[in-house]
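Asks: Residue 60 is where the sequence shown starts when you use the numbering used here, and the numbers rise one by one after that.
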Amino acid sequence: MTRHLAQLLIGLFLYGIGIALIVRGAVGVAPWEALTQGIDLHVHLGFGVITTITSVFVLLLWIPLRQRPGIGTVLNAVLVGPAADVGLWLVPAGLDLWLRVLLFAAGLVLLAVASGIYIGAGLGPGPRDGLMTGLHARTGWKIWVVRTGIEGAVLSVGWALGGNVGLGTVAFALLVGPLCQWTLPLFARPELHSGRMVAAAPSAA
Numbered sequence: 060m061t062r063h064l065a066q067l068l069i070g071l072f073l074y075g076i077g078i079a080l081i082v083r084g085a086v087g088v089a090p091w092e093a094l095t096q097g098i099d100l101h102v103h104l105g106f107g108v109i110t111t112i113t114s115v116f117v118l119l120l121w122i123p124l125r126q127r128p129g130i131g132t133v134l135n136a137v138l139v140g141p142a143a144d145v146g147l148w149l150v151p152a153g154l155d156l157w158l159r160v161l162l163f164a165a166g167l168v169l170l171a172v173a174s175g176i177y178i179g180a181g182l183g184p185g186p187r188d189g190l191m192t193g194l195h196a197r198t199g200w201k202i203w204v205v206r207t208g209i210e211g212a213v214l215s216v217g218w219a220l221g222g223n224v225g226l227g228t229v230a231f232a233l234l235v236g237p238l239c240q241w242t243l244p245l246f247a248r249p250e251l252h253s254g255r256m257v258a259a260a261p262s263a264a
């Protein structure tokens, strides 16, 4: 259990750093990060704080879906935001375009590796992934339909609020799935090493 918890904590920290690198890339972010940016433009609480608040709100949506969070779910909700803030503090904004493209690419790869690490610990899905699988279980809709619907709605609201939607958003949508498909088996506990470990590539945060 101790090793799995350590794996979870490392994965969540790296996940937050990956998000920060993508944000500092400023070429477009994932749907949930676009929502976070958009909300922060209006309430000015900080990226990490908004990420945490959003995660807690999403967890509340688990209640009518009868989803049961694991320790990994709770730690995901409270730790990814602060880790992202650490990354945003370490990496300055306003860099040259070529550096920002490299930051985005590094962030995307790091996020995929971090996903494999924290999901592989087997201590519970992230709040957003649990919402997706919970809706799938309750409605019978296909996973891709549920995920597309959720992230499409989140992206639309984030864009309307001023979140950074661009080519990076498209690249994230196209590449995060294949990258996670490669990284997830690398870190999975033996009993979780199967296609049932996750229904789809994880949503950011």
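The C-beta atom is built at its ideal place from N, Cα and C for all residues, glycine as well.
#1: Looking only at C-alpha atoms, which of Trp91, Met60 and Ile81 sits nearest to proline 186?
#2: From this set, Ile176, Ile122 and Tyr74, which residue's C-alpha is nearest glycine 189's C-alpha?
#3: Along the chain, where does the alpha helix (DSSP H) that runs through glycine 105 open and close?
#4: Please give me, in chain order, every unbroken run of the beta strand (DSSP E) with length at least 3 that falls completely inside the region 155-179.
#5: If you count every other CB in all the chains shown that lies within 10 Å of the CB of phenylalanine 116, and 16 or more means buried, which is it?
#6: Please name the residue, chosen from Ala230, Thr228, Ala143 and Pro184, that lies closest to isoleucine 130 on a Cα-to-Cα basis.
#7: Can you find the residues in the same chain that come closer than 7 Å, C-beta to C-beta, to glycine 254, ignoring five residues on each side of it along the sequence?
#8: Under 8 Å, do cysteine 239 and alanine 171 count as touching if we go by C-beta distance?
#9: Using 10 angstroms around the beta-carbon of valine 257, count the other beta-carbons present and answer buried if the total reaches 16, otherwise exposed.
#10: Tell me which residues share the same chain as leucine 13 and place their Cβ nearer than 7 Å to its Cβ, disregarding the 5 neighbours each side in the sequence.
#11: Would proline 88 and glycine 222 qualify as a contact pair, given that the criterion is a beta-carbon distance under 8 Å?
#12: DSSP state of methionine 256, grouped into three classes?
Replies: So, from the data block:
#1: In the sequence shown, residue 186 corresponds to position 127, counting from 1. Comparing Cα positions, the closest option is Trp91.
#2: Counted from its first residue, the sequence shown places residue 189 at position 130. It is Ile122 whose Cα lies nearest to the Cα of glycine 189.
#3: Working through the sequence shown from its first residue, we reach residue 105 at position 46. For glycine 105, there is no enclosing alpha helix (DSSP H), as DSSP marks it with neither H nor E.
#4: Scanning the region 155-179 for uninterrupted beta strand (DSSP E) segments of 3 residues or longer gives nothing; none is fully contained.
#5: The sequence position of residue 116 within the sequence shown is 57, counting from 1. When all chains shown are included, phenylalanine 116 counts as exposed.
#6: Along the sequence shown, one-based indexing puts residue 130 at 71. The alpha carbon of isoleucine 130 has as its nearest neighbour, out of Ala230, Thr228, Ala143 and Pro184, the alpha carbon of Pro184.
#7: Translated into positions along the sequence shown, residue 254 becomes position 195. Low confidence applies to glycine 254: its pLDDT is 45, below 50, so where it sits in the model is not reliable, and the reading given next is rough at best. Within the same chain, glycine 254 has no close Cβ partners at all.
#8: Position 180 of the sequence shown, counted from the first residue, corresponds to residue 239. Position 112 of the sequence shown, counted from the first residue, corresponds to residue 171. Yes, the Cβ-Cβ distance between cysteine 239 and alanine 171 is below 8 Å.
#9: Here residue 257 is taken as the residue at index 198 of the sequence shown, counted from 1. The predicted position of valine 257 is uncertain, since its pLDDT is 46 and thus under 50; a value taken from the coordinates is nonetheless stated next. Around the beta carbon of valine 257, a 10 Å sphere encloses 16 or more other beta carbons of the protein chains shown; the residue is thus reported as buried.
#10: In the structure as shown, the chain begins at 60 and stops at 264. Residue 13 is therefore absent and cannot be evaluated.
#11: Sequence index remark: in the sequence shown, residue 88 carries index 29 (1-based). Sequence index remark: in the sequence shown, residue 222 carries index 163 (1-based). In the sequence as presented, proline is not what sits at residue 88; that position holds valine. Yes; because the gap between Cβ atoms is below 8 Å, this pair is in contact.
#12: As a working note, residue 256 is residue 197 in the sequence shown. Here the model assigns methionine 256 a pLDDT of 47, short of 50, so the residue's position is not dependable and the matter cannot be decided.
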